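Protein sequence lines correspond, in order, to chains L and U. Under our numbering, think of the first position of the first sequence as 1, with each following residue one higher. Under our numbering, think of the first position of the second sequence as 1001, with each following residue one higher.
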Amino acid sequence: MSLADSVLSGNRLALARLLTQIENETPEGRAALEELFPKTGRAHLVGVTGAPGTGKSSLVNQLARHYRNPPSGVEARRVGIIAVDPSSPFSGGAILGDRVRMRDLAGDAGVFIRSMASRGSLGGLAHTTSGMVQALDAAGYEVILIETVGAGQAEVDIARLAHTTLVVEAPGLGDEIQAIKAGILEIADILVVNKADRPGVENTERALRNMLQLAHPVQRSSFHHGILPTADESFPAKSESIAWQTPVLRSVATEGIGISQVAEEIARHRRFLEESGGWTRREQARLGAELDALLQSALVSRWKSSITQDKYQAVVQQVVERRLSPWRAVTILLDGDRR
Amino acid sequence: MSDRKIRVLVAKPGLDGHDRGAKVVARALRDAGMEVIYTGLRQTPEMIAEAALQEDVDVVGLSILSGAHMALLPRVLELLKMNQQEHIKVFVGGIIPDEDVPRLLEMGVVGVYGPGTLTDQIISDIQRTVGGNADSEN
């Protein structure tokens, strides 16, 4: 039985090993992903980001519990969780501590939690997170929660990967306006003010709502997550004029307060995406971007293997000596010197 | 292909709440370039084995100051075996009487670290016992 087949048959050890292969970018990992790729595309990918100390892990824990023990009439769903923490730029090591907040999920075979270090990636997600998500998707996890620290440009990465992005804030973490980065409003589908039992929650909520009101509704519906719609207009939004209004919710994750509302909004966002054609556009943008990145990297390595280091360095030297402009250098490298 | 990182699960099984040692070790392992999945206090052997499986770790480090090591360690080792994860190297630190050490090593524990152990010792032991597997594992 291949590794991919073992994963599809529900073998959790095989899944764990596959995730390691994917993370280490081995040929075995790539081959298994190749086999599994046709089985991906069913899971709802939910990104959870926010500054450290906002309670993201506790929120993820509670959401997972909700999906596993939903209100009557709703089916329980299998939940995958990927928690990404930064690697130390000095040692390359990492402390991955998000499981500490997820003890309630222990012993539940319908939950799979995997911790990842960012391994040098600056965007908050690891380079290989998207592949790991595909493995969990193919393995049958229906909701995949991807948790990452919202530092630097992390928001861009998570918005590109997830269908629905939750941004978690908490009161009292500093000056309310400063604490709310502009990027967050671009990417947040749902804003959650966690630790809502703390003083200052009204200020935080008000500041968020005020900043949301400044965002132009038409712009938001066309430029979902800052990604331009594709030139192919064969997937017109059925209700393009009805933009998604980002809700601002309150929660106290450690006490389970506000969780069902968050889950409802996540479900409502999924329905919105499906009805507006946004789900398909999301998939196109996401997979298109992934394909582009792979293409670029493959093209550059193929080209590099077609030229000798000496020839390349000679051209670089000419640029350094100002005898050649960089643009002319590229033409010479790619097309040969036609002088 | 990226550098193969050593992944270590650090856990405190049982009921004792003194986690300073575990945190010191976790930080030292991070500074040595390892990825440490820190699971915190009051872990049951079942939780430890489940985490070791999902995280596909190379090493499990247990911190036990409660004296319950002779009950907890066999159970953890048994569960790792049941999950087909016998290759995982298990280390234990904390308060372990000298007379229990031979029995623990016989059971399959790879290292026992009492108070005063230098973190460098733990790091080099891990690198030595896991390092050799880096290319052949998986």
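Here a beta-carbon is modelled for each residue, glycine too, at the ideal position from N, C-alpha and C. Fair warning: this is a prediction, and the values are worked out from it, not measured in the lab.
Chain-order list of chain U residues neighbouring Asn61 (chain L): empty, with the shortest C-beta distance near 13 Å, by a criterion of under 9 Å. For Glu1050 (chain U), the nearest beta carbon of chain L is closer than 8 Å to its own beta carbon. Leu136 (chain L) has its alpha-carbon roughly 19 Å from the corresponding atom of Ala159 (chain L). Secondary structure at Phe90 (chain L): coil, using DSSP grouped into helix, strand and coil.
For Arg1030 (chain U), the chain L residues whose Cβ falls inside 8 Å of its Cβ are Ser88, Ser91, Gly93, Ala94 and Ile95, in order along the chain.
Residues are counted here when their Cβ sits less than 7 Å from a Cβ of chain L; for the region 1035-1059 of chain U these are Glu1035, Val1036, Ile1037, Tyr1038, Thr1039, Gly1040, Glu1046, Met1047, Glu1050, Ala1051, Leu1053, Gln1054, Glu1055 and Asp1056, given in chain order. The beta carbon of Arg1030 (chain U) lies closer than 7 Å to those of Val1036 in the same chain, with the five residues before and after it left out. Think of a sphere of 7 Å around the beta carbon of Arg1004 (chain U): the chain L residues whose beta carbon falls inside it are Asn24, in chain order. With contacts defined as CB atoms closer than 8 Å, Ala64 (chain L) and Pro70 (chain L) fail to qualify as a contacting pair. With respect to the 8 Å criterion, Thr128 (chain L) and Glu264 (chain L) are not classified as neighbours on the basis of their beta carbons. Checking the DSSP bridge columns, you'll see Phe112 (chain L) partnered with L:Gly80.
At least one CB atom of chain U sits nearer than 8 Å to the CB of Ser115 (chain L). The residue from L:Arg323, L:Phe90, L:Asp85 and L:Trp244 with its alpha-carbon nearest to that of Arg99 (chain L) is L:Asp85. If you draw a straight line from the Cα of Ile1126 (chain U) to the Cα of Gly1093 (chain U), it comes to about 13 Å. Collapsing the DSSP output to three states places Arg322 (chain L) in coil. At a cut-off of 8 Å between C-beta atoms, Ala1071 (chain U) does not count as an interface residue with respect to chain L. It is roughly 12 Å from the alpha-carbon of Val1024 (chain U) to the alpha-carbon of Gly1116 (chain U).
Chain-order list of chain U residues neighbouring Val100 (chain L): Tyr1038, Thr1039 and Gly1040, by C-beta distance under 7 Å.
In this model, Glu205 (chain L) and Lys195 (chain L) are separated by some 12 Å (Cα to Cα).
Distance from Val1112 (chain U) to Val1090 (chain U) at the Cβ level is roughly 10 Å; contact not present, criterion being Cβ atoms closer than 8 Å.
The closest CA to that of Val143 (chain L), considering only L:Ser305, L:Arg198 and L:Val111, is found on L:Val111. Per DSSP, Arg119 (chain L) lies in no beta strand (DSSP E) segment and is marked neither H nor E. Straight across, the Cα-Cα distance linking Gln313 (chain L) with Arg30 (chain L) is about 33 Å. The beta carbon of Ser1063 (chain U) is closer than 6 Å to those of Lys1012, Gly1021, Ala1022, Gly1093 and Gly1094 in its chain, skipping five residues each way along the sequence. Using a Cβ-Cβ cut-off of 7 Å, Ala1026 (chain U) is close to Ile95 of chain L, given in chain order.
A straight-line Cα-Cα distance of about 19 Å links Ser121 (chain L) and Val300 (chain L). Taking all protein chains shown into account, Ser2 (chain L) has fewer than 16 neighbouring C-beta atoms within 10 Å of its C-beta and is therefore exposed. In this structure, Val133 (chain L) sits near Leu45 (chain L), with a CB-CB distance shorter than 8 Å.
Bounds of the beta strand (DSSP E) holding Leu145 (chain L) are Val143 to Val149. Against chain L, a Cβ distance below 7 Å from Gly1033 (chain U) picks out Ser91, Gly92 and Gly93. In the three-state reduction of the DSSP assignment, Ile307 (chain L) falls in the coil class, being assigned neither a helical nor a strand state. In the three-state scheme derived from DSSP, where H, G and I count as helix and E and B as strand, Arg198 (chain L) is classed as coil. At a Cβ-Cβ threshold of 8 Å, Leu1104 (chain U) and Leu1073 (chain U) count as neighbours. Residue pairing by DSSP places Thr164 (chain L) opposite L:Val46 in a beta bridge.
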